[in-house]
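Chemist: Encoded as structure tokens, here's the structure I'll be asking about.
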Amino acid sequence: VQLQASGGGSVQVGGSLRLSCATSGTIGTFDAVGWYRQAPGKQRAMVARITSEGTTNYVDSVKGRFTISRDTAKNTLYLQMNSLKLEDTAVYYCYAYKIPFSTYWGQGTQVTVSS
């Protein structure tokens, strides 16, 4: 399984970006797909995920600003990021998970938010 993330870039505070993650597998067959991010000097942390049933979960800091979605026809995962803040600056990684132990990662895409 391969995941290809794209859509990162530089944006000012308050701006928006949409990340995409194309998967080589059938996205609906994964138990969960989502996004992590890693800021400089920090550990990788979960941002958002969507389960095979369509349930979404977000870290508190992005609730109301970020929206995760998937297009099963295109086998692509998205992360719409609005009202970006300086603290959203990080490398964003998409992942796909299959029970019990299989996790696949995409390469990171850099998001830089500046004032």
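Going from the sequence shown to our numbering is simple: count from 1 and add 363.
Ideal placement from N, C-alpha and C gives every residue a C-beta, glycine not left out.
#1: Once you ignore the five residues that flank Tyr458 on each side, which residues in its own chain have a CB closer than 8 angstroms to its CB?
#2: Whose CA, out of Ser369, Ser379 and Gly370, lies closest to the CA of Leu449?
#3: Check whether the segment 383-396 touches the segment 430-441, taking contact to mean three or more Cβ pairs, one atom from each stretch, closer than 8 angstroms.
#4: Expressed to the nearest angstrom, what Euclidean distance is found between the alpha-carbon atoms of Lys461 and Arg412?
#5: Sort out for me which residues DSSP pairs Asn420 with in a bridge.
#6: Does the Cβ of Gly371 have 16 or more other Cβ atoms within 10 Å, making it buried, or fewer, making it exposed?
#7: With a threshold of 8 angstroms between beta carbons, is Trp398 in contact with chain C?
#8: Let me make sure I understand the geometry here. Which of Asp423, Ser424 and Thr419 has the alpha-carbon closest to that of Ile431?
#9: Relative to the C-alpha of Tyr456, which candidate in Gly377, Gln375, Cys384 and Ser373 has its C-alpha closest?
#10: Going straight from the alpha carbon of Thr472 to that of Met409, what length do you get?
Modeler: Considering the structure as presented:
#1: The residues are Leu366, Val396, Gly397, Trp398, Tyr399, Thr466, Tyr467, Trp468 and Gly469.
#2: Taking only the C-alpha atoms, the option nearest Leu449 is Ser379.
#3: By the Cβ test, the segment 383-396 is in contact with the segment 430-441, since at least three Cβ pairs between them sit closer than 8 angstroms.
#4: Near 13 angstroms, if we compare the C-alpha coordinates of Arg412 and Lys461.
#5: Asn420 pairs with Arg412.
#6: Counting the other CB atoms within 10 Å of its CB gives Gly371 a total of 16 or more, which places it among the buried residues.
#7: Included in the structure is just one protein chain, with no chain C present.
#8: That would be Thr419, whose Cα lies nearest to the Cα of Ile431.
#9: It is Cys384.
#10: When rounded, the separation of the alpha-carbon atoms in Thr472 and Met409 is 15 angstroms.
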